[in-house]
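Since the structure comes first, as structure tokens, the remarks are kept for the end.
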Amino acid sequence: MRFAAGRAVRACFHCRAGDGRVGIYNRDVYSPEVLDHFENPRNAGDVETPDATVQLENPACGDVLKLTLKLDGDRIADIRFRAKGCVPAMACGSAITELVKGKKVEEARRVSREELVRKLGGLPEASSHAGHLAVDTLRALLAKS
């Protein structure tokens, strides 16, 4: 499976243009923070020699998020993501890494979907799956560390 770390996406139903074209997203639907994380993703790619790797897929829409992690003691020294999916899925992958990078593992375990959504300036209701996927993937990753 190939992952996108930036602009190219396979759009979900709510990302489609009015004429049905896939891959075009409506900038009016998303907050400036979501668009910024989508267009300028942070921590995209893979950690070299990771301590843990997890990849989850949302079976309902097919979005995939992969997180890789490097620890320094009990701190998250590096965390990176790869995503295949809609605009919010990619933005959530980027934002979740920013939320936890440098934190202690126990602190990172307490990051909530609500905190992620606040960081992104909100998500449309049709995009709530993206926040769940990011937090679920983070929790699975931390359980392996």
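Those letters in the sequence shown? Residues 7 to 151, per my numbering, in order.
Ideal placement from N, C-alpha and C gives every residue a C-beta, glycine not left out.
Length of the line joining the Cα atoms of residue i and residue j
i: P38; j: C92; result: 16 Å
i: T74; j: E112; result: 17 Å
i: R115; j: C67; result: 26 Å
i: V40; j: A89; result: 14 Å
i: E120; j: T59; result: 24 Å
i: A140; j: L71; result: 7 Å
i: F44; j: N64; result: 19 Å
i: D153; j: G79; result: The displayed coordinates of the chain run from 7 to 151. Any statement about residue 153 would go beyond what the structure contains.
i: S151; j: P56; result: 10 Å
i: A146; j: E104; result: 17 Å
i: K107; j: L148; result: 12 Å
i: V117; j: Y36; result: 22 Å
Identity of the residue in the options nearest residue i by Cα
i: P94; options: L122, K109, R86 and G108; result: L122
i: D84; options: E63, L62, A50 and Q61; result: A50
i: P130; options: E104, T103, C98 and L144; result: C98
i: R52; options: K76, D34, V35 and H138; result: The sequence shown places Asp at residue 52, not Arg. Looking at the Cα atoms, K76 is the closest of the given residues.
i: M96; options: E54, K110, D57 and S134; result: S134
i: K109; options: I82, R48 and G137; result: I82
i: H138; options: E54, L62 and A149; result: L62
i: E54; options: K125, T143, S118 and F87; result: F87
i: K125; options: S100, D142 and A132; result: S100
Residue i: first and last residue of the uninterrupted alpha helix (DSSP H) it sits in
i: V106; result: V93 to V106
i: E113; result: V111 to R115
i: V40; result: P38 to E45
Unbroken beta strand (DSSP E) run spanning residue i, endpoints
i: T55; result: Per DSSP, T55 belongs to no beta strand (DSSP E) and is neither H nor E.
i: D217; result: Any answer about residue 217 is impossible in this case: the structure gives the chain only from 7 up to 151.
i: D78; result: V70 to D78
Coarse secondary structure for residue i, derived from DSSP in three states
i: A140; result: helix
i: L148; result: helix
i: R27; result: The predicted model places R27 with a pLDDT of 38, which falls under 50 and marks its position as unreliable; any figure quoted below should be read in that light. Correct three-state label for R27: coil.
i: A50; result: strand
i: T126; result: Note that residue 126 is Leu in the sequence shown, not Thr. Correct three-state label for L126: coil.
i: A132; result: helix
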